[in-house]
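Trainee: So in the working numbering, the last spot in the sequence shown is 163, and the numbers never skip.
Heads up, the beta-carbon is just placed ideally off N, CA and C, and yes, glycines get one too.
I have a structure I would like to understand better, so I am pasting it below and will then ask my questions one at a time.
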Amino acid sequence: MRQIRLYPDPVLREVSEPVKEIDQEVRTLIQEMIETMKTHGGVGLAASQVGILQRVIVMGLPEEEPIAIINPELSKPRGEDLLEEGCLSIPGARVTVKRATDVMVKGLSPEGKNLKIQATDLFARVVQHEVDHLNGVLIIDKLPKAKRLEFELNYIRTISHEKIPTTLKI
Ligand SMILES: [Zn+2]
């Protein structure tokens, strides 16, 4: 179990480094990230959200086995739709985000195998959210300026009331 870093923790703004070698430390990190994601009812988590600046993401979609992708790369985005997202690192935030409905994901499995996955729908959305984290990008960056200001003004009050629900915790 790892502690989730909360906005405005500066680590969330860093660009994560590619993993050079998949060793036991990386595999342990992945196991702990999956555990942390499940404990918080999330469907995805990036390593930067637990303060580790390496390009590792985990995802656990409803009724599917959790998966981990090391050094994920996205290409060929197609289609777009809007959905409200939350973020485990920004309690209470709810942002309607436009994302591609289909995207090609390449990366490595925890065993070091090459992965190539055609992601669609919720999987595509979550993987885009997590890769944003690896690049220091947060859902609140997608808010129009006035709404962003409103968010910042209300946020401190919000995090003192942890019960505010978010829709999609990633
Ligand atoms: Zn997030």
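Skipping 5 residues on each side, what residues in its chain have a beta carbon closer than 6 angstroms to that of residue 52?
Mentor: Here the set comprises 37, 60 and 119.
Trainee: Measure the beta-carbon distance from residue 117 to residue 134 and round it to whole angstroms, keeping in mind my assumption that it falls under 8 angstroms.
Mentor: Contact doesn't hold; Cβ gap of about 19 angstroms is too wide.
Trainee: Does the Cβ-Cβ distance between residue 78 and residue 132 come in under 8 angstroms?
Mentor: yes
Trainee: On a CA-only basis, which of 93, 62 and 63 is nearest residue 71? Give me that one, please.
Mentor: 93
Trainee: Could you name the residues whose beta carbon sits closer than 6 angstroms to any heavy atom belonging to ligand 1, keeping them in chain order?
Mentor: The set of residues whose C-beta lies within less than 6 angstroms of a heavy atom of ligand 1 reads, in chain order, 80, 81, 82, 122, 126 and 163.
Trainee: So what does DSSP say about residue 134, is it helix, strand or coil?
Mentor: helix
Trainee: For residue 126, which option in 136, 82 and 34 has the closest C-alpha, if you only look at C-alpha atoms?
Mentor: 82
Trainee: Please say whether residue 7 and residue 129 have beta carbons closer to each other than 8 angstroms?
Mentor: yes
Trainee: By the three-class DSSP mapping on this structure, what secondary structure does residue 32 have?
Mentor: helix
Trainee: DSSP on residue 13, reduced to helix/strand/coil?
Mentor: coil
Trainee: Whole-angstrom Cβ separation of residue 15 and residue 63, contact assumed at under 8 angstroms?
Mentor: 6 angstroms
Trainee: Taking the alpha-carbon positions, what's the residue 90 to residue 17 distance?
Mentor: 35 angstroms
Trainee: Would you list the one or two residues that DSSP bridges to residue 92?
Mentor: 74
Trainee: Go through its chain and collect everything with a Cβ distance to residue 124's Cβ below 6 angstroms, but skip five positions before and after it.
Mentor: 65 and 67
Trainee: Take residue 107 and list the residues in its own chain whose beta-carbon comes closer than 7 angstroms to its own, dropping the five residues that flank it on each side.
Mentor: 101
Trainee: Is residue 39 helix, strand or coil by DSSP?
Mentor: strand
Trainee: By the three-class DSSP mapping on this structure, what secondary structure does residue 66 have?
Mentor: In the structure shown, residue 66 sits in a strand (DSSP, three-state: E or B).
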